[in-house]
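First comes the structure, then the notes that go with it.
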Amino acid sequence: MSGINEEQLAQLNARGRGALDEKMGIEILEASPERLVGRMPVEGNTQPFGLLHGGASVVLAESLGSIGAHLHAGLHRRVVGVDINATHHRSAKSGYVTAVATAISLGRTLASYNVEISDDQGKRTCTARITCLILAD
């Protein structure tokens with residue numbers, strides 16, 4: 003596994019995120035093309051009943067999958083998400099949710115990830131799968 007070092011991880015968190023990731027408080031904790039770990043606060047990402055919004059979980063999953071695909075493709079290439087699906091297993095009301103994205107397939111034109119999201123107690127809240135298209139130079 004060829005992960006990025008602490009300095010590169012700090013740079014990724016400082017300037018490698020998009021506006022939505024920043025707004026939602028997504029933080030990347032570990033990153034390599036094969037495996038990524040990130041977390042997001044529940045607070046500020048809830049639906050009207052005070053539960054983590056399902057769309058927020060999907061954003062977290064897509065962010066990790068896209069970053070992983072970008073690391074796989076090379077930083078000079080662009081990647082775009084072309085498919086994502088998610089199953090919400092239980093709600094989260096407070097704290098953080100942590101996502102672990104594991105590569106399913108890392109090809110020349112497509113990269114797919116399975117993303118498991120859990121609450122602070124380690125209970126699975128969501129399982130997602132994302133596929134990214136790697137664009138030509």
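What the sequence shown shows, in my numbering, is residues 3 to 139, in sequence order. The beta carbon of each residue, even a glycine, is placed where N, CA and C say it ideally should be.
- Query: How many angstroms separate the CA atom of Asp122 from the CA atom of Val44?
  - Reply: 10 Å
- Task: Can you tell me the Cβ-Cβ gap for Thr104 and Thr129, rounded? I've got them flagged as a contact below 8 Å.
- Result: Incorrect: roughly 11 Å between the Cβ atoms, too far for contact.
- Message: Is it buried or exposed, Thr111, if we count other Cβ atoms within 10 angstroms and call 16 or more buried?
- Response: exposed
- Message: Please classify Pro50 as buried or exposed, where buried requires at least 16 neighbouring CB atoms within 10 angstroms.
- Response: exposed
- Bridge partners of Val99, per DSSP? Met42
- Task: Pull up the distance between the alpha-carbon of Glu86 and that of Arg131, whole angstroms please.
- Result: Here residue 86 turns out to be Ile, not Glu, going by the sequence shown. Near 6 Å, if we compare the C-alpha coordinates of Arg131 and Ile86.
- In or out: Ala71 buried (at least 16 other Cβ within 10 Å) or exposed? buried
- Item | Glu118: first and last residue of the uninterrupted beta strand (DSSP E) it sits in | Leu112 to Ser120
- Where do the N-terminal and C-terminal ends of the beta strand (DSSP E) with Leu137 fall, by residue? Per DSSP, Leu137 belongs to no beta strand (DSSP E) and is neither H nor E.
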